[in-house]
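One structure is given here, and the rest of the page talks about it.
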Amino acid sequence: MKATIATLPGDGVGQEILPAAINVLEAIAKRFGHSFEFVPAIVGGAAIDATGQPLPEETLNIAKCCDSVLLGAVGGPKWEGLDYSIRPERALLGLRKELGMYGNLRPAKLFPMLADASTIKLEVLKDLDLLVVRELTGGIYFGEPRGIQTTETGKRGINTEVYTTEEIVRVARIAFEAAQKRNQHVTSVDKANVLESSELWRSVIIEVHKDYSDVRLDHMYVDNCAMQLIRNPRQFDVIVTTNLFGDILSDEAAMLTGSIGMLPSASLGDKHAMYEPVHGSAPDIAGRDIANPIAMIASSVMMLTHSFHLDAEAQAIDAGIYKALEQGYRTKDLESPSCITVGTKEMSGHIVAAILTS
Ligand code: NAD
Ligand code: IPM
Ligand code: MN
Numbered sequence: 000m001k002a003t004i005a006t007l008p009g010d011g012v013g014q015e016i017l018p019a020a021i022n023v024l025e026a027i028a029k030r031f032g033h034s035f036e037f038v039p040a041i042v043g044g045a046a047i048d049a050t051g052q053p054l055p056e057e058t059l060n061i062a063k064c065c066d067s068v069l070l071g072a073v074g075g076p077k078w079e080g081l082d083y084s085i086r087p088e089r090a091l092l093g094l095r096k097e098l099g100m101y102g103n104l105r106p107a108k109l110f111p112m113l114a115d116a117s118t119i120k121l122e123v124l125k126d127l128d129l130l131v132v133r134e135l136t137g138g139i140y141f142g143e144p145r146g147i148q149t150t151e152t153g154k155r156g157i158n159t160e161v162y163t164t165e166e167i168v169r170v171a172r173i174a175f176e177a178a179q180k181r182n183q184h185v186t187s188v189d190k191a192n193v194l195e196s197s198e199l200w201r202s203v204i205i206e207v208h209k210d211y212s213d214v215r216l217d218h219m220y221v222d223n224c225a226m227q228l229i230r231n232p233r234q235f236d237v238i239v240t241t242n243l244f245g246d247i248l249s250d251e252a253a254m255l256t257g258s259i260g261m262l263p264s265a266s267l268g269d270k271h272a273m274y275e276p277v278h279g280s281a282p283d284i285a286g287r288d289i290a291n292p293i294a295m296i297a298s299s300v301m302m303l304t305h306s307f308h309l310d311a312e313a314q315a316i317d318a319g320i321y322k323a324l325e326q327g328y329r330t331k332d333l334e335s336p337s338c339i340t341v342g343t344k345e346m347s348g349h350i351v352a353a354i355l356t357s
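Sequence positions in the sequence shown follow numbering that gives the first Met the number 0 and run 0 to 357.
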């Protein structure tokens with residue numbers, strides 16, 4: 000097949016992990032006889048430096064015109080002093096909103112050989128396989144009013160959590176449909192004991208659930224969920240939750256797999272999709288060839304599955320990641336005395352080699 004893929008490395012480790020994913024996809028193209036055309040574009044801090052804007056019109060157009068989008072990460076200390084409206088992070092929110100990508104899948108699966116990399120006991124983690132479905136274009140990230148006001152007594156910072164029935168219905172459907180293909184269990188996470196937006200969230204989830212009688216539905220308050228994820232994460236199959244809660248809980252779930260450098264994501268809408276790791280630009284390790292490229296490479300696996308329906312190809316990358324880990328290769332975040340510590344490039348090189356030799 001032929002496909003165009005917009006590649007937006009962004010900032011920090013994004014510049015290192017996206018080329019790693021491109022190498023892996025080129026290996027897949029070679030082995031399976033596909034033609035992937037990569038269309039590079041600037042985003043985030045890199046775009047601010049070049050154009051003054053985090054999401055230039057040209058980048059947005061490339062993202063809209065390509066069959067799929069791969070994004071590294073955005074942000075970093077260099078741009079932290081800027082006004083919120085032109086910060087690197089606005090580019091990510093702009094892409095999600097402009098491309099209508101309202102459902103974000105964040106799967107946390109434990110590779111058995113990484114069980115000792117997590118700070119949690121092995122018996123708690125064994126066979127961990129959960130999926131966080133995060134609402135991505137609503138909630139407090141986008142609600143109005145927002146801003147900082149000056150009052151007679153000082154300043155006042157405002158953000159607003161808003162959800163409409165329509166926004167909840169469409170993300171609920173993504174979660175229930177994902178659960179039908181997994182273990183038929185959805186846990187909806189909210190704060191319905193305090194927030195009206197959550198009260199609506201819960202009632203809409205209950206309503207949508209009527210179309211999915213083969214799926215078991217539970218509700219959980221977000222504070223309890225944060226605790227249950229550490230106490231007994233295997234009780235979860237699919238977690239569906241709001242934008243902010245999903246952001247926080249998915250970073251927590253990442254650590255169950257050994258490192259945030261392992262967690263991929265797919266941002267899905269009705270017309271467009273973007274694939275990006277859950278982690279950020281990791282300024283503390285950027286530019287040193289030590290970042291873990293697996294979250295980015297696994298995001299491209301999600302792209303092959305969700306956007307291109309190339310299941311054998313996706314499977315080949317998964318097997319490549321598995322083999323490289325089985326051979327004992329680890330990036331620094333997963334370092335262990337019995338393993339071989341390698342850099343970003345070398346890790347992806349081992350995955351490429353596994354793809355081309357199997
Ligand atoms: P972060 O995810 O960038 O880093 C948190 C910690 O995890 C750091 O210690 C980092 O070194 C480590 N880490 C992250 N990715 C790693 C990888 N691939 N391999 C090994 N270690 C890895 O979060 P942060 O430090 O809170 O944020 C840094 C910047 O990234 C901020 O500007 C933030 O806004 C931005 N950010 C962007 C995204 C995104 O683009 N999707 C996501 C989160 C944060
Ligand atoms: C993520 C990030 C983003 C978010 C930021 C950088 C806007 O943390 O993708 O998880 O909060 O959605
Ligand atoms: Mn986040």
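Glycine included, every Cβ here is placed at the ideal spot set by N, Cα and C.
Asked                                                                                                                             : Found
Every unbroken alpha helix (DSSP H) inside the segment 112-149 [4 residues or more]                                               : 121-124
Residue of Asp222, Thr240, Arg230, Arg233 minimising C-alpha distance to Val203                                                   : Thr240
Whole-Å CB distance - Ile402 paired with Asp66, under 8 Å assumed                                                                 : Here the chain comprises residues numbered 0 to 357, so residue 402 is not present and cannot be evaluated.
Residue from Tyr101, Ser249, Ala178, Ala290 whose Cα sits closest to the Cα of Gly138                                             : Tyr101
Gly32 Cβ short of 8 Å to ligand 4 heavy atom set                                                                                  : This structure does not include ligand 4; its bound ligands are ligand 1, ligand 2 and ligand 3.
Separation of Phe307 from Gly142, as counted between CA atoms                                                                     : 33 Å
Distance between Ser212 and Val12 (C-alpha atoms, nearest Å)                                                                      : 43 Å
Contacts around Asp217, its chain only, beta-carbon distance under 6 Å, and the 5 residues preceding and following it disregarded : Thr186
Assigned exposure category for Val42 - 16 Cβ within 10 Å defines buried                                                           : buried
Cβ shell of Ile259 (< 6 Å), same chain only, five flanking positions each side left out                                           : Ala253, His278
Within-9 Å CB hit, Ile229 to chain C                                                                                              : Among the chains of the structure shown, chain C does not appear; only one protein chain is present.
Pick from Pro76, Lys154, Ala285 that is closest to Gly44, judged by C-alpha positions                                             : Pro76
Assigned secondary structure, Pro106 (DSSP; H/G/I helix, E/B strand, else coil)                                                   : strand
Whole-angstrom distance between Glu251 and Asp189, CA atom to CA atom                                                             : 16 Å
Runs of beta strand (DSSP E) lying entirely within the segment 248-323, each at least 3 residues, in chain order                  : 265-267, 272-274
Between the CA atoms of Ile350 and Arg30 - distance to the nearest angstrom                                                       : 13 Å
Element boundaries [beta strand (DSSP E), containing Phe37]                                                                       : 34-39
Validate contact between the segment 121-129 and the segment 81-98 using beta carbons, cut 8 Å, 3 pairs                           : no
Cβ-heavy atom distance, His349 to ligand 1, below 8 Å                                                                             : no
Near ligand 1: Val68 beta-carbon under 8 Å from a heavy atom                                                                      : no
Cβ separation of Val237 and Leu109, assumed to be a contact under 8 Å, to the nearest whole Å                                     : Wrong, their Cβ atoms sit about 17 Å apart, outside the cutoff.
Same chain, Cβ closer than 6 Å to Ala171, five either side skipped, listed in chain order                                         : Ile204, Val207
Any non-hydrogen atom of ligand 3 closer than 8 Å to Asp246 Cβ                                                                    : yes
Beta-bridge partners of Ile4, as assigned by DSSP                                                                                 : Phe37, Ser67
Alpha-carbon spacing of Ala178 relative to Val214, whole angstroms                                                                : 7 Å
Status (buried if at least 16 other CB within 10 Å, exposed otherwise) for Ile284                                                 : buried
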